[in-house]
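Student: Take a look at this one; I'll ask things after.
Chains as they are written, first to last, in my numbering: chain A, 1 to 319; chain B, 1001 to 1316; chain C, 2001 to 2337.
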């Protein structure tokens, strides 16, 4: 087991390095001079050319690409991702500051999506081809077809502007910041994000439970005299929820994508909002830092998915 | 990434292999008399929701093709004397902040959405087919590298990749199409690889003559025909995803740039509470247009999936 | 009144499956009985309806539909019972052993817990500890070495034979009066098969349970069963006590089955598989379902369906569904050797 985990970690480190190279080369391939790119366009003036030349040499941009990459990578892993062009603040500080709100949004959304997907998927599987099942299918297809930012706008229109129940933007009201206040700000973005990822999860729970319900061991349980509810809860569900842990893990990065968009709609002060702003301001260090954070998140989730699968399922024996 | 854990799409690949095996050995009881394609068409036409989706989609395509005939006004003509006008007989859906006709913009935006969606999906399917076939035909380390890359790509959220790509390379329609394609090809690649392995297995078992056949011949004569149905399904669903991605990116201001109209960038205006509150004609039509288009493409995609492989359908 | 009737009476049972191609009559008017403590073997090729018949007893046929007939157990029609009443019988009075021990046990629940569940479902007053002790006892009874340790293990840690032993332990846990074993040895290695058969015999003696043994293996029936029921195309074509049926079969299908059996006292090239294949149950042939493959078939067989009737003069009741059973009796040495 330990060997398995160590091997997985090593593989993931290699992959992370490869992704780093990819992002690095991409920035290199970007239109424009890297030094110029590090200088906010507004600061470019007449006579900057000489300065740029000297900076080139100073930054070692005339060295071979690999050497440059190595330097950049070493800085990156030690937490130095450079500074934002715009705010001049260190990128890692900016990102870490934004991490908390994003994690809060995503974990609440995850809880909501599981609270929807598991019961709905179970009911849809047990009551196959009934109204509930069709409603679940419609919901699943609906939430993957309607863009979440549009749902967000509709929700703001209804709940903030027409009904006045919930705040439309930010994480807290000025001068407030109590748990209740944050919760009121959290409800809409988290609910929409949760709903969006509940769609595929519901489909998954339904599908895997249907598969399990036709398994031989379910018939054995029935032959023992177990009631239908017990057959589902004690036997089939256990088998279908084991892979769900993995699926949820793999789904977390996809959820981050949804969070990026919804943070924009609800002005939620998370990493997504930061990234989108950085992209529209061509703030390369922040974009790169964000990309590396996401890559790390994806790899960690993948790793946890592998480990969770190996740990939870008694059938999986890894060495 | 890992061989041992479940994934959402492996059953499809397994099913693809089954279909290949059944169709070519003639053991599938249903495909004895008619060709599989004809049977799929029959099943599709019996699926009411899918047919409904196809009809709506056809209407949207017609809207895009005949945009100049349908929208009498220009989608880009600025009229500062008539900004943010509510719907009227002259401007059916009102005007935006620059006095442009919203109806014309919604109609013309269908062109952009469909163009991006279809071209990106086609590129992704083409690339995915090549990669999948190469991986399946050559095997060995090449297969490992390609499939690991595909799995890696699948585990990254497409929107984030596209944001980063568009952020670094600059927003434009070609970059948008390319970055969507880059995030979409792995699904097709895995599918085609599965089919390729199944075809190879079968060919080696049943026909020694293939031993001398070229890989290109195998690809054209066996793999692509066997995988076609599934490729169409994956491609259709990729179109839906690409349209959504375009909308999201344009909404964030990283996709289609004004003055060109796209449903996503029209919604970009709806980031102010005043607009949301008092000018719903600015954001409701493009939002509904995206939802209707993506939903109908998904209806068609689901219908095709059930038609191509009825055992996958889940609800029969 | 109850005591006059056999333990289990299956009467004109019919089970249908609806498929896209039409209605499949998997069981089409099957009748037979089982007495207390008796071992009855049901044989037939796959698709003969033997497994569906077995599953129907406990109402475990999922996609199928009971199209007719009754299944009476201790005088009660099992088909009439509500779910709750049926569940008190399942696993308690009637227990099942399934074909594939690899899939019939829940992979994520320990073997011990699965046996405990069987015990506690039918005895709510049984404490967890007592159930545990009883389960370990049962595992030891079915010949599980180191039963206490095995109790805590998961099915994947067991070999196929060991899993089948665990299945048997689970089945006999509540001392059933009827044990249904559906192809209990088919999925096992030949060497393990003999052990499991021995175990079944021990279990039967231990519990005194009547046993319904579903198998395609005539050897298993010969070794274990008191009586045999031969099924073909969803119908019973012959039944009687094992010795009578095997030495003097009165149905050409049974004759064919016996002929196709490899035997040590015969050369391999003397094996005679039955020509043709079982009929489609979507559109069964008119008349006797066996007539397309039957060497004795003539016009009457193609139009008139033979009913099960008593043949022979022995004390044991021997029935067959063949119009020309007496012709087989006339040439016993030739056909049966």
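Note that the Cβ used here is the ideal one computed from N, Cα and C, for glycine as well.
The structure presented is a predicted model; accordingly, all values stated were derived computationally and were not measured.
Determine, for residue 220 of chain A, whether the minimum Cβ-Cβ distance to residues of chain C falls below 8 Å.
Tutor: Yes, residue 220 of chain A counts as interfacial toward chain C.
Student: Can a CB atom of chain B be found closer than 8 Å to the CB of residue 264 of chain A?
Tutor: Answer yes: the Cβ-Cβ gap between residue 264 of chain A and chain B drops below 8 Å somewhere.
Student: Going by C-alpha distance, which of C:2290, C:2213, C:2280 and C:2289 is nearest residue 2039 of chain C?
Tutor: Of C:2290, C:2213, C:2280 and C:2289, the residue nearest in Cα terms is C:2213.
Student: Against chain B, does residue 87 of chain A count as a neighbour if the rule is that its beta carbon must be under 8 Å from one of theirs?
Tutor: No - not a single Cβ of chain B is within 8 Å of the one on residue 87 of chain A.
Student: DSSP on residue 1083 of chain B, reduced to helix/strand/coil?
Tutor: It is coil, neither helix nor strand.
Student: Take residue 1159 of chain B and list the residues in its own chain whose beta-carbon comes closer than 8 Å to its own, dropping the five residues that flank it on each side.
Tutor: Cβ within range, chain order: 1245, 1248 and 1249.
Student: Going by DSSP, name the residue or residues bridged to residue 2204 of chain C.
Tutor: Paired residues: none, contrary to the question.
Student: Can you look up residue 1245 of chain B in the DSSP assignment and give me helix, strand or coil?
Tutor: Residue 1245 of chain B falls in the helix class under three-state DSSP.
Student: Using 8 Å as the limit for Cβ to Cβ distance, is residue 251 of chain A near chain C?
Tutor: False, the Cβ-Cβ gap to chain C never drops below 8 Å.
Student: Please state whether the Cβ-Cβ distance between residue 2026 of chain C and residue 2049 of chain C is less than 8 Å.
Tutor: Contact flag set, yes.
Student: Since residue 1059 of chain B meets chain A, which of its residues come closer than 8 Å, beta carbon to beta carbon?
Tutor: The contacting residues do not exist; residue 1059 of chain B stays about 17 Å from chain A at best.
Student: Between which residues of its own chain and residue 1096 of chain B is the CB-CB distance below 8 Å, once the five residues before and five after are set aside?
Tutor: Cβ within range, chain order: 1083, 1084, 1102, 1105, 1266, 1269 and 1282.
Student: Within 10 angstroms of its Cβ, does residue 134 of chain A collect 16 or more other Cβ (buried), or is it exposed?
Tutor: When all chains shown are included, residue 134 of chain A counts as exposed.
Student: For residue 13 of chain A, does the count of other Cβ atoms within 10 angstroms reach 16, so buried, or fall short, so exposed?
Tutor: Exposed, since its Cβ has fewer than 16 Cβ neighbours within 10 Å.
Student: Since I believe residue 2158 of chain C is in contact with residue 2237 of chain C (beta carbons under 8 Å), could you give me their beta-carbon distance rounded to a whole number of angstroms?
Tutor: In fact, because the Cβ distance is near 38 Å, the residues do not count as touching under 8 Å.
Student: Provide the residue(s) that pair with residue 90 of chain A in DSSP beta bridges, ordered along the chain.
Tutor: DSSP lists A:83 as partners of residue 90 of chain A.
Student: Give me the Cβ distance between residue 2091 of chain C and residue 2224 of chain C, rounded to the nearest whole Å; I'm assuming they're in contact under 8 Å.
Tutor: Not a contact, Cβ separation roughly 22 Å.
Student: So, using beta-carbon positions, are residue 216 of chain A and residue 2103 of chain C closer together than 8 Å?
Tutor: For residue 216 of chain A and residue 2103 of chain C, yes; Cβs fall inside 8 Å.
Student: Taking any Cβ of chain A, which residues in the stretch 2095 to 2108 of chain C have a Cβ under 8 Å from it, in chain order?
Tutor: Correct list: 2095, 2096, 2098, 2100, 2103, 2104, 2105, 2106, 2107 and 2108.
Student: Applying the 10 Å Cβ sphere with the 16-neighbour rule, what's the burial state of residue 129 of chain A?
Tutor: Classification of residue 129 of chain A: exposed, given that the 10 Å Cβ count is below 16.
Student: So, for residue 1009 of chain B: in the same chain, excluding its five sequence neighbours on each side, which residues have a beta-carbon less than 7 Å away from its beta-carbon?
Tutor: Note that residue 1009 of chain B scores a pLDDT of 39, beneath 50, so its modelled location is shaky; the value from the coordinates is reported in the next line. For residue 1009 of chain B, where only same-chain residues beyond five positions count, the Cβ hits under 7 Å are 1187 and 1190.
Student: Over the uninterrupted beta strand (DSSP E) stretch that includes residue 2231 of chain C, give me the two end residues.
Tutor: 2227 to 2232 is the span of the beta strand (DSSP E), which, as asked, contains residue 2231 of chain C.
Student: Give me the Cβ distance between residue 169 of chain A and residue 109 of chain A, rounded to the nearest whole Å; I'm assuming they're in contact under 8 Å.
Tutor: No, residue 169 of chain A and residue 109 of chain A are not in contact; Cβ-Cβ is about 17 Å, not under 8 Å.
Student: Just to confirm the assignment, what range does the beta strand (DSSP E) spanning residue 2096 of chain C have?
Tutor: That run of the beta strand (DSSP E) goes 2094 to 2097.
Student: Consider the Cβ of residue 215 of chain A: report whether some Cβ of chain C lies at a distance smaller than 8 Å.
Tutor: Yes, contact with chain C.
Student: Is the stretch 1063 to 1073 of chain B touching the stretch 1105 to 1122 of chain B in the sense that three or more CB pairs, one from each, lie closer than 8 Å?
Tutor: Verdict: yes, contact present.
Student: Considering only the alpha carbon of each residue, which of A:152, A:292 and A:207 lies closest to residue 320 of chain A?
Tutor: With chain A covering 1 to 319 only, the question about residue 320 of chain A has no answer from this structure.
Student: Give me the chain A residues within the contact set of residue 1253 of chain B, using Cβ-Cβ distance strictly less than 9 Å, ordered along the chain.
Tutor: Simply 276, 279 and 280.
Student: Contact defined as beta carbons within less than 8 Å: I believe residue 209 of chain A pairs with residue 122 of chain A. What is the distance between those atoms, to the nearest angstrom?
Tutor: Indeed they touch by this definition, with Cβ atoms about 6 Å apart.
Student: Under 8 Å between beta-carbons, which chain A residues line up against residue 1155 of chain B? List them in chain order, please.
Tutor: Going along chain A in sequence order, the residues near residue 1155 of chain B (Cβ under 8 Å) are 250, 253, 298, 301 and 302.
Student: Measuring straight from C-alpha to C-alpha, what distance separates residue 2341 of chain C and residue 1047 of chain B?
Tutor: Because chain C in this structure spans residues 2001 to 2337, residue 2341 of chain C falls outside the shown range and cannot be described.
Student: Step through the CB atoms of chain C and report whether any lies within less than 8 Å of the CB of residue 242 of chain A.
Tutor: Chain C contact via Cβ: present.
Student: Buried or exposed for residue 261 of chain A, going by 16 or more other Cβ atoms inside 10 Å?
Tutor: Classification of residue 261 of chain A: buried, given that the 10 Å Cβ count is 16 or more.
Student: Beta carbon of residue 2105 of chain C, beta carbon of residue 2114 of chain C: below 8 Å?
Tutor: Result yes, Cβ atoms of residue 2105 of chain C and residue 2114 of chain C sit closer than 8 Å.
Student: Can you tell me which of A:251, A:264, A:224 and A:293 puts its alpha carbon nearest to the alpha carbon of residue 2121 of chain C?
Tutor: Comparing Cα-Cα distances from residue 2121 of chain C to each of A:251, A:264, A:224 and A:293, the minimum goes to A:224.
Student: Identify, in the order they occur along the chain, each residue of the same chain with its Cβ nearer than 8 Å to the Cβ of residue 1951 of chain C, setting aside the five sequence neighbours on each side.
Tutor: Residue numbering for chain C in the displayed model covers 2001 to 2337; residue 1951 of chain C lies beyond these limits and cannot be assessed.
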